[in-house]
Each structure stands twice: as structure tokens, then as C-alpha cells.
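So the sequence lines, in the order shown, correspond to chains A and B. The opening residue of the first sequence carries number 1 in the numbering used here; numbering runs sequentially from there. The opening residue of the second sequence carries number 113 in the numbering used here; numbering runs sequentially from there.
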Amino acid sequence: SQKIEQNSEALNIQEGKTATLTCNYTNYSPAYLQWYRQDPGRGPVFLLLIRENEKEKRKERLKVTFDTTLKQSLFHITASQPADSATYLCALAGGGSYQLTFGKGTKLSVIP
Amino acid sequence: GAVVSQHPSRVICKSGTSVKIECRSLDFQATTMFWYRQFPKKSLMLMATSNEGSKATYEQGVEKDKFLINHASLTLSTLTVTSAHPEDSSFYICSASQGALQETQYFGPGTRLLVL
Numbered sequence: 001s002q003k004i005e006q007n008s009e010a011l012n013i014q015e016g017k018t019a020t021l022t023c024n025y026t027n028y029s030p031a032y033l034q035w036y037r038q039d040p041g042r043g044p045v046f047l048l049l050i051r052e053n054e055k056e057k058r059k060e061r062l063k064v065t066f067d068t069t070l071k072q073s074l075f076h077i078t079a080s081q082p083a084d085s086a087t088y089l090c091a092l093a094g095g096g097s098y099q100l101t102f103g104k105g106t107k108l109s110v111i112p
Numbered sequence: 113g114a115v116v117s118q119h120p121s122r123v124i125c126k127s128g129t130s131v132k133i134e135c136r137s138l139d140f141q142a143t144t145m146f147w148y149r150q151f152p153k154k155s156l157m158l159m160a161t162s163n164e165g166s167k168a169t170y171e172q173g174v175e176k177d178k179f180l181i182n183h184a185s186l187t188l189s190t191l192t193v194t195s196a197h198p199e200d201s202s203f204y205i206c207s208a209s210q211g212a213l214q215e216t217q218y219f220g221p222g223t224r225l226l227v228l
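Set out below in C-alpha cells:
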């Protein structure tokens, strides 16, 4: 069966360091992968989309990589700030459908 | 741009009653809207996909007679939880996508439902 794993349920990091979150998937051939941020009691907020034929995408302090051979995406936040503390979700879509399948998320805490 | 609202943000109801949740796209026309539910520390689970003017497509295991979805216009979808029970208590989130940019879903702020 299709499976998406964000292998850290929680990640603590010192302010100013680079946070790296991992998303692995099995039995899936996604056309694209997305990363969202979710704050407690709120809906997810779209951050970045990366397609199967793209290796890397950047947006300000965010960087996403996509390795379809390893079936893995890495999400980086450089110069992390306490305001970056949130749960980050990866989501995949494929097979001609726009429906997203979400991972469980990684709760990032940036410590001042 | 691409703002989605939900109403109410929080609702408490008695067991056996029905609750309606509204999802609106405020500044764009949403060709497709999605309804999710999320349990504490769990991921979002897709319940159904709705396209304006047609019947919703429900995911396996989601009772269509219990979770009624109406997508009457390009800016409004509603989810009605009928005869709610305590196990229906959850965080319900809608999202909307538009036209050629259907890849990106814009999420509402969510509705916290508590059934007593």
C-alpha cells in the first residue's frame, strides 16, 4: 500500500541553524510533492511545490529537494527563527489526480 | 490572494443533531473543493472531493449519507454532519483549488466540532 513517512515526529533546533525535514514515500509515483506549514488549531498553509522532473526548488529561506530514485524529499529552512516553529506536512499527488495524500507531519521547534 | 474561509470556527452540539460547516473561497472561483478531517497528532485524511454542480466523490470508508456535501456555487461548499455522535468530534478542514492551478490547494482555517 502507499505510504508516506515523515520520519521525525518532532525536531528541536537552535535558532540560526538549518532545519532539515525528511519525507519518504513507498509504492507511489507522485507527479509532484508539496510542503505545507500548519500551526496549532489552524489549516495548512502552502509553502512549496516541486515536480517529479525537478531536483530542487527555493523560496527565500526555504529549499526543497526531490529525489524520485530514493523516493525522498528534503525540506530545509536556513537561518531558522522561533517564528518557524510549527508542524510541517509533506503531501503527494499523482496518477492524474489532484488529490493530496499527507504525511503525519514533523513538529519543528526553533529554540532561541 | 487565494483566501479560503470556514464558518463556524468552533461548534459544540448535542449527540443526534446535525451541524453544517461552510467553506468559501473569498477571492477566487474554486472549481474543486476538498474536505478533510484531522485527529490530534494525526495527518489530514481526505473525506471527499467536490466539483461545482456535481455530486461529491467520497473516499473509501466515508459515509456519504452521514457527511452530506453540497457545492452549489464556485465559491461555496458545505459539509453537513448528520445525526452527529461523539466519535464525529474532530477538526474539519476544507480546501479549494482553482482552474489551471488545481495542483495547489488553499486551506481554510478549520472547524473544531465537539459532539457531547
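For glycine and all other residues, C-beta sits at the position ideal for the given N, C-alpha and C.
Going by CA-CA distance only, name the one from the options that's closest to residue i.
| i | options | result |
| --- | --- | --- |
| Lys63(A) | Thr78(A), Arg51(A) and Gln72(A) | Thr78(A) |
| Val131(B) | Ser195(B), Ser209(B), Ala208(B) and Ser207(B) | Ser195(B) |
| Glu215(B) | Thr143(B), Ile124(B) and Val123(B) | Thr143(B) |
| Pro152(B) | Cys206(B), Tyr218(B), Leu228(B) and Ser201(B) | Ser201(B) |
| Asn27(A) | Ile111(A), Thr101(A) and Gly105(A) | Thr101(A) |
| Arg61(A) | Ala10(A), Gly103(A), Lys17(A) and Asn7(A) | Lys17(A) |
| Leu228(B) | Thr187(B), Asp177(B), His197(B) and Gln141(B) | His197(B) |
| Asn53(A) | Arg42(A), Asp39(A) and Thr68(A) | Thr68(A) |
| Ser117(B) | Ile133(B), Val123(B) and Ser127(B) | Ile133(B) |
| Leu33(A) | Gln2(A), His76(A) and Phe66(A) | Phe66(A) |
Assuming residue i contacts residue j under a Cβ cut-off of 8 Å, what Cβ separation, rounded to an integer in Å, is found between them?
| i | j | result |
| --- | --- | --- |
| Gly220(B) | Cys135(B) | 5 Å |
| Phe203(B) | Val193(B) | Their Cβ separation, rounded to whole angstroms, is 13 Å, which puts Phe203(B) and Val193(B) out of contact at 8 Å. |
| Ser189(B) | Cys206(B) | 6 Å |
| Ile181(B) | Ser162(B) | 5 Å |
| Thr187(B) | Gln141(B) | 6 Å |
| Lys154(B) | Lys104(A) | 6 Å |
Mind checking whether residue i and residue j have CB atoms under 9 Å apart?
| i | j | result |
| --- | --- | --- |
| Lys107(A) | Thr87(A) | yes |
| Ala208(B) | Ser121(B) | no |
| Leu226(B) | Cys125(B) | yes |
| Leu21(A) | Leu74(A) | yes |
| Pro44(A) | Leu158(B) | no |
| Ile13(A) | Ser80(A) | yes |
| Met145(B) | His119(B) | no |
| Ala19(A) | Asp84(A) | yes |
| Gln217(B) | Tyr98(A) | yes |
Identify, in the order they occur along the chain, each residue of the same chain with its Cβ nearer than 6 Å to the Cβ of residue i, setting aside the five sequence neighbours on each side.
| i | result |
| --- | --- |
| Gly94(A) | Ser29, Pro30 and Ala31 |
| Lys59(A) | Leu48 |
| Lys57(A) | Leu48, Ile50 and Val64 |
| Asn7(A) | Thr22 |
| Val123(B) | Val131 and Leu225 |
| Ser127(B) | His197 and Val227 |
| Asp39(A) | Ala86 |
Cutting at 8 Å between CB atoms, please list the residues of its own chain near residue i, excluding the five before and the five after it.
| i | result |
| --- | --- |
| Lys71(A) | Asn24, Tyr25, Thr26 and Tyr28 |
| Arg37(A) | Pro44, Val45, Leu47, Ala86, Thr87, Tyr88 and Leu89 |
| Pro82(A) | Glu15, Val110, Ile111 and Pro112 |
| Tyr148(B) | Leu156, Met157, Leu158, Met159, Tyr204, Ile205, Cys206 and Ser207 |
| Gln2(A) | Tyr25, Thr26, Asn27, Tyr28 and Thr101 |
| Val174(B) | Met159 and Ala160 |
| Gly41(A) | none |
Leaving aside the five residues before and after residue i along the sequence, list all residues of the same chain whose C-beta is less than 7 Å from its C-beta, in chain order.
| i | result |
| --- | --- |
| Thr129(B) | Ala196 |
| Gln210(B) | Phe140, Gln141, Ala142 and Thr143 |
| Glu164(B) | Thr143, His183, Ser185 and Leu186 |
| Glu199(B) | none |
Strictly under 9 Å for the Cβ-Cβ distance: is residue i near chain C by that measure?
| i | result |
| --- | --- |
| Tyr98(A) | Annotation note: the requested chain C is absent from the structure, which comprises protein chains A and B. |
If contact means a Cβ-Cβ distance below 8 Å, which residues of the region 158–190 of chain B contact chain A?
-> Leu158 and Thr161
Mind checking the region 33–61 of chain A against chain B and listing, in chain order, the residues whose C-beta falls within less than 8 Å of any C-beta there?
-> Gln34, Tyr36, Gly41, Arg42, Gly43, Pro44, Val45, Phe46 and Leu49
Chain A contacts from the region 212–226 of chain B (Cβ-Cβ distance under 9 Å) = Gln214, Glu215, Thr216, Gln217, Tyr218, Phe219, Gly220, Pro221, Gly222 and Arg224
Contacting positions in the region 133–149 of chain B - beta carbon closer than 9 Å to chain A = Thr144, Phe146 and Tyr148
Below 9 Å between beta carbons is the criterion; list the residues of the region 62–77 of chain A that meet it against any residue of chain B, in chain order.
-> none
Listed in chain order, which residues of the region 194–206 of chain B have Cβ atoms closer than 9 Å to some Cβ of chain A?
-> Phe203, Ile205 and Cys206
Compile a chain-ordered list of the residues in the region 115–133 of chain B whose CB is closer than 8 Å to at least one CB of chain A.
-> Val116 and Gln118
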